[in-house]
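Undergrad: Under full-length UniProt numbering, the sequence shown has 133 at position 133, and the numbering climbs by one with no breaks.
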Amino acid sequence: MALLDDVKSELAAIDNELPAAKKAQATAMIRFGGGLRLVQRQIIVQAQFDSLKAAQWLQDTIRELYGHEALMTQISRPTPNGTVVQRYVVHVERGGAALALQTGLLDRRKRLVRGLPADIISGNIAQVKAAWRGAFLAHGSLSDPGKASFLEIICPTSEAALALSGAARRLGITAKPRQLRSSERITLKDPDAIERMLVLMGAPHSAREWTGKRTDGEARGKANRLANFDDANMRRSAKAAAEASEKVRKAFEILGDDIPENLRAAGQLRLEHGDASLEELGRLADPPITKDAIAGRIRRLLQLADKTVKAREKDMAADSVK
1 MALLDDVKSE
11 LAAIDNELPA
21 AKKAQATAMI
31 RFGGGLRLVQ
41 RQIIVQAQFD
51 SLKAAQWLQD
61 TIRELYGHEA
71 LMTQISRPTP
81 NGTVVQRYVV
91 HVERGGAALA
101 LQTGLLDRRK
111 RLVRGLPADI
121 ISGNIAQVKA
131 AWRGAFLAHG
141 SLSDPGKASF
151 LEIICPTSEA
161 ALALSGAARR
171 LGITAKPRQL
181 RSSERITLKD
191 PDAIERMLVL
201 MGAPHSAREW
211 TGKRTDGEAR
221 GKANRLANFD
231 DANMRRSAKA
241 AAEASEKVRK
251 AFEILGDDIP
261 ENLRAAGQLR
271 LEHGDASLEE
281 LGRLADPPIT
291 KDAIAGRIRR
301 LLQLADKTVK
311 AREKDMAADS
321 VK
C-alpha cells in the first residue's frame, strides 16, 4: 500500500493544470468516488477516498473552481482481517445540483450522466489525462512490485468503464473493461503500459520507483527459477548416476572376468564415484578421456552384459529342447 499511497500523493500534488483539466479531474473524482445522491428531492454530491490528500484536493477545487463549500468527513472502517482503514468523504449538500450541472454530471435536461461528460472524453489530451488521474485517485489500485503486474480502477457503471477505455485509446494505451465480482473494472496488466499510464497521469517519480522494484523482483524471480532449475538438474543427474551404477554392478556380476579392460575401467569408475558426472568420470580416467568416450564405454559394457544374458537364455532353451 505504501507505493500506492505515494502514487496518489504525487498525483494529488499537481497544481499547474489549466481550469479545463482541473474540471476534468474533479468530475472524474466525483463520478468514480461516489457521484450524486438524491435525498428528499435534494441532490447531494458525495465522493469517498482512501487518500487524505486526494480528498483535500477535491475539497479545495470545488471551493476555488466552482464556488461551493465542500465538507470533509473522516470515517473508520474495520476490514475482515481486523485492521482499521481510514476513508475520507467529501460532500456538497447546499448547491449540490448546481455543482452537478457545472461538472457535467447532470446534462442540460438534468439527466444523470452515467459515464463521463462528452466534452471531457472528446476534449484535449490534458483533459483526458486528468480524467484518468481523477478516476485513479478515486478508486484506483496498483500491484506491489514483484507480484503479477496490474493497474486497476473500479468503475461505478459499465458506461464509466467504457468512457475510461475510450480515453485510454486517445493516450495510445489499450485498456479493456471487464466485469469481476459484480463490479466493472478497467485493468492494465502489461508492465510497459502501466509505467506509461503512471507517467501520463502525472506520477513519473512513482513510475520509476515501481519499475525499478519490479525489475529487481523479476531479477530475483529469475534467480530463484534458475536455482530451482539447477536443483532439479542435480536431482535428475544424481538419480541417473545411481541407476547407471546399479546397471554396471549387475553387468559385472553377469560378465565376471570376461570383460575388456577399457570397459572394466570405465565401469569401475562409475561404481567408485556414484555421484560424479560423466565429465568428472572422464577426467578421473587414466589417461583422461572425454565424457562421450566414458559414456560410450559404459554403454558398451551394459550392451555386452545384455548380449551375454540373451545368449545364456538361448543356450538354456536349446538344452531344454534336447
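Cβ atoms here follow ideal geometry from the backbone N, Cα and C, with glycine treated the same way. All values reported here derive from a predicted model rather than from experimental measurement.
1. In this structure, does DSSP put PRO117 in helix, strand or coil?
2. Just mark GLY202 as buried or exposed, buried being the case when its beta carbon has 16 or more other beta carbons within 10 Å.
3. How would you write the range of the beta strand (DSSP E) that GLY172 sits in, first residue to last?
4. Per DSSP, which one or two residues make a beta bridge with residue 325?
5. With a threshold of 7 Å on Cβ separation, who are the neighbours of ASP286 within its own chain once the five nearest residues in sequence on each side are excluded?
6. On the CB-based measure, 16 or more other CB atoms within 10 Å of its CB, does GLN40 come out buried or exposed?
7. Quick one: measure Cβ to Cβ for LEU58 and PRO19, integer angstroms, because I've assumed they're closer than 8 Å.
8. For a quick check, are the C-beta atoms of GLN48 and VAL89 less than 8 Å apart?
9. Pick out the complete alpha helix (DSSP H) segments inside the region 40-69, 4 residues or longer, and give them in chain order.
10. Does the region 157-166 come into contact with the region 98-110, if we say contact requires no fewer than three beta-carbon pairs (one atom in each stretch) closer than 8 Å?
11. Using 10 angstroms around the beta-carbon of GLU261, count the other beta-carbons present and answer buried if the total reaches 16, otherwise exposed.
12. Apply the 10 Å Cβ neighbour rule to SER183 and answer buried if 16 or more other Cβ atoms are within range, or exposed otherwise.
13. Nearest-angstrom Cα distance between GLN56 and THR174?
14. Between ASP81 and ASP275, what straight-line distance do the alpha-carbon atoms span, to the nearest angstrom?
15. Sort out for me which residues DSSP pairs PRO177 with in a bridge.
16. Count the other C-beta atoms from every protein chain shown that fall within 10 angstroms of the C-beta of LEU127, then say buried if there are 16 or more, exposed otherwise.
17. Could you tell me if PHE32 is buried or exposed, where buried requires 16 or more neighbouring beta carbons within 10 angstroms of its beta carbon?
18. Looking at the structure shown, is residue 335 part of a helix, part of a strand, or coil, going by DSSP?
19. Would you mind sorting LEU263 into buried or exposed? The rule is 16 or more other CB atoms within 10 Å of its CB.
20. Nearest CA to the CA of ARG114: which residue from GLN74, ALA163, LYS23?
21. Let me check one thing: in DSSP terms, what residues is MET72 bridge-paired to?
22. For the region 235-253 against the region 301-318, do three or more pairs of beta-carbon atoms, one drawn from each stretch, fall closer than 8 Å, so that the two count as touching?
23. Expressed to the nearest angstrom, what Euclidean distance is found between the alpha-carbon atoms of VAL248 and ASP257?
24. Please state if the CB of SER149 and the CB of LEU176 are separated by a distance shorter than 8 Å.
25. Would you tell me roughly how many angstroms separate the C-alpha atoms of ALA193 and GLU280, rounded to the nearest one?
26. Taking its Cβ as the centre, do 16 or more other Cβ atoms sit within 10 Å of VAL84, making it buried, or is it exposed?
27. Do you know how far the Cα of PRO78 is from the Cα of ASN124?
28. Answer with buried or exposed for MET316, where buried requires no fewer than 16 other C-beta atoms within 10 angstroms of its C-beta.
29. Buried or exposed for ASP50, please, with buried defined as at least 16 other CB atoms from any protein chain shown within 10 angstroms of its CB.
30. Report the rounded CA-to-CA distance for ILE186 versus ASP292, giving the unit in angstroms.
31. If we count the other Cβ atoms within 10 Å of its Cβ and call it buried at 16 or more, is ASN224 buried or exposed?
32. Quick check on DSSP: helix, strand or coil for LEU106?
TA: For this structure:
1. Within the sequence shown, numbered from 1, the residue matching residue 117 stands at position 117. PRO117: coil per DSSP, three-state reduction.
2. Taking the sequence shown and counting its residues from 1, one reaches residue 202 at position 202. Label assigned to GLY202: buried.
3. Here residue 172 refers to the residue found at position 172 when the sequence shown is read from its first residue. Counting along the chain, GLY172 sits inside no beta strand (DSSP E), nor does DSSP assign it H or E at all.
4. Beyond the ends of the chain as shown, which are 1 and 322, falls residue 325; an answer cannot be given.
5. Here residue 286 refers to the residue found at position 286 of the sequence shown. Result list for ASP286: empty, nothing under 7 Å.
6. If you number the sequence shown from 1, residue 40 lands on position 40. Answer is exposed; the Cβ neighbour count stays below 16.
7. Taking the first residue of the sequence shown as position 1, residue 58 is located at position 58. Taking the first residue of the sequence shown as position 1, residue 19 is located at position 19. Not confirmed; about 15 Å, so no contact.
8. For the purposes of this step, residue 48 is taken as the residue at position 48 of the sequence shown. For the purposes of this step, residue 89 is taken as the residue at position 89 of the sequence shown. Result yes, Cβ atoms of GLN48 and VAL89 sit closer than 8 Å.
9. Within the region 40-69, the complete alpha helix (DSSP H) runs of at least 4 residues are 52-61.
10. No contact exists between the region 157-166 and the region 98-110.
11. Here residue 261 refers to the residue found at position 261 of the sequence shown. Flag for GLU261 reads exposed.
12. Indexing the sequence shown from 1 puts residue 183 at position 183. By the neighbour-count criterion, in which 16 or more other beta carbons inside 10 Å mark a residue as buried, SER183 falls on the exposed side.
13. If you number the sequence shown from 1, residue 56 lands on position 56. If you number the sequence shown from 1, residue 174 lands on position 174. The alpha-carbon of GLN56 is positioned some 31 Å away from that of THR174.
14. Within the sequence shown, residue 81 is the residue found at index 81, counting from 1. Within the sequence shown, residue 275 is the residue found at index 275, counting from 1. What sits at residue 81 in the sequence shown is Asn, not Asp. Straight-line spacing of the CA atoms in ASN81 and ASP275 works out to 50 Å.
15. Translated into positions along the sequence shown, residue 177 becomes position 177. DSSP output for PRO177 lists ILE186 as bridge partner(s).
16. Translated into the one-based positions of the sequence shown, residue 127 becomes position 127. Per the sequence shown, the amino acid found at residue 127 is Gln instead of Leu. Under this definition GLN127 is a buried residue.
17. On the sequence shown, position 32 is the one that residue 32 refers to. It is buried - the Cβ of PHE32 has at least 16 other Cβ atoms within 10 Å.
18. Nothing about residue 335 can be reported from this structure: the residues present for the chain run from 1 to 322 only.
19. Reading the sequence shown from its first residue, position 263 is the one you call residue 263. LEU263 comes out buried.
20. Position 114 of the sequence shown, counted from the start, is the residue given in the question as residue 114. That would be ALA163, whose Cα lies nearest to the Cα of ARG114.
21. Counted from its first residue, the sequence shown places residue 72 at position 72. Per DSSP, VAL90.
22. Output reads yes: the region 301-318 touches the region 235-253.
23. As a position in the sequence shown, residue 248 is number 248, starting the count at 1. As a position in the sequence shown, residue 257 is number 257, starting the count at 1. Computed Cα separation, rounded: 14 Å.
24. As a working note, residue 176 is residue 176 in the sequence shown. As a working note, residue 149 is residue 149 in the sequence shown. Here residue 176 turns out to be Lys, not Leu, going by the sequence shown. No; because the gap between Cβ atoms is not below 8 Å, this pair is not in contact.
25. The residue labelled residue 193 in the question sits at position 193 within the sequence shown. The residue labelled residue 280 in the question sits at position 280 within the sequence shown. When rounded, the distance between both Cα atoms is 49 Å.
26. Along the sequence shown, one-based indexing puts residue 84 at 84. That one is exposed.
27. Mapped onto the sequence shown, residue 124 falls at position 124. Mapped onto the sequence shown, residue 78 falls at position 78. Answer to the nearest angstrom: the Cα atoms are 41 Å apart.
28. Reading the sequence shown from its first residue, position 316 is the one you call residue 316. Per the 10 Å Cβ criterion, exposed.
29. One-based indexing of the sequence shown puts residue 50 at position 50. Burial of ASP50 is indicated by the presence of at least 16 other C-beta atoms within 10 angstroms of its C-beta.
30. Residue numbering aside, residue 186 sits at position 186 when the sequence shown is read from its first letter. Residue numbering aside, residue 292 sits at position 292 when the sequence shown is read from its first letter. Taking C-alpha positions only, ILE186 is separated from ASP292 by approximately 57 Å.
31. On the sequence shown, position 224 is the one that residue 224 refers to. Confidence at ASN224 is low in this model, with a pLDDT of 49, below 50, so its placement is unreliable and the value that follows should be read with caution. Classification for ASN224: exposed.
32. Reading the sequence shown from its first residue, position 106 is the one you call residue 106. If DSSP states are grouped into helix, strand and coil, LEU106 belongs with the strands.
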